[in-house]
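Numbering (my numbering), first residue to last: 4 to 74.
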């Protein structure tokens with residue numbers, strides 16, 4: 004797991020604009036797709052279920068920790 008954490012931290016150091024996580028490995032996963040989009044002062048996370056969409060705004064400094072929690 005330390006390798007994954009380091010990889011995620013390196014990815015977000017470059018201030019990526021958008022990331023999409025789809026095709027979950029587990030069929031019963033709560034979210035079918037998660038997108039992370041950079042807005043000028045924060046990242047917006049959009050989580051898709053079968054029938055609903057949830058939005059969450061995350062401070063730029065906290066995005067790496069949240070992505071680590073998702074995995």
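Ideal Cβ placement from N, Cα and C applies to all residues, glycine included.
Residue 42 is classed as exposed because its beta carbon has fewer than 16 other beta carbons within 10 Å across all chains shown. Membership of residue 59 in the beta strand (DSSP E) is indicated by the continuous run 56-62.
Rounded to whole angstroms, the separation of the alpha carbons of residue 54 and residue 26 is 16 Å. In the DSSP assignment, residue 48 is bridged to 39, 59. Taking 8 Å as the cut-off, the Cβ atoms of residue 45 and residue 61 count as close.
Measuring C-alpha to C-alpha distances from residue 63 to each of 19, 56, 7 identifies 19 as the nearest.
Across the structure, residue 33 and residue 57 are spaced so that their CA atoms are roughly 12 Å apart.
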